[in-house]
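The sequence shown begins at 3 in our numbering and counts up one residue at a time.
Yeah, the Cβ is synthetic: ideal placement off N, Cα and C, and Gly gets one too.
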Amino acid sequence: MLIRRTIEEHCPPGVLPSEEAVNGLHGPELIHEAEALAAAIVATIDKMQLRVMMKPPSPSIKQ
Numbered sequence: 003m004l005i006r007r008t009i010e011e012h013c014p015p016g017v018l019p020s021e022e023a024v025n026g027l028h029g030p031e032l033i034h035e036a037e038a039l040a041a042a043i044v045a046t047i048d049k050m051q052l053r054v055m056m057k058p059p060s061p062s063i064k065q
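Take a look at the structure:
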């Protein structure tokens with residue numbers, strides 16, 4: 003529950019399905035919740051890397 007709450011508070015919206023969705027799609031076992039948490043972490047990293055790759059380079063400062 004603590005990991006889920008942390009992901010919900012700090013990761014982009016939509017990377018972690020609700021507990022009800024996880025239970026309905028994958029099952030009620032702890033392994034299913036763990037898989038959803040792991041997928042949310044991977045999705046967050048992917049989104050962060052995409053933002054870094056899309057960011058234009060800083061202009062060089064010449065003196």
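Option nearest residue i by Cα separation, candidates the options
| i | options | result |
| --- | --- | --- |
| His34 | Pro19, Ala45, Pro61 | Pro19 |
| Arg7 | Pro61, Ile43, Arg53 | Ile43 |
| Val24 | Leu39, His12, Ala45 | Leu39 |
| Glu46 | Ile5, Pro15, Leu32 | The amino acid occupying residue 46 in the given sequence is Thr; Glu does not appear at that position. Residue Pro15 is the option with its Cα nearest to Thr46. |
| Val17 | Leu52, Ala41, Lys57, Met50 | Ala41 |
Cutoff 8 angstroms; reference residue i; Cβ partners in own chain excluding five residues on either side
| i | result |
| --- | --- |
| Ile9 | Val17, Leu18, Leu39, Ala42, Ile43, Thr46 |
Which runs of the alpha helix (DSSP H) spanning at least 4 residues fall entirely within the segment 23-56, listed in chain order? Runs found: 32-56.
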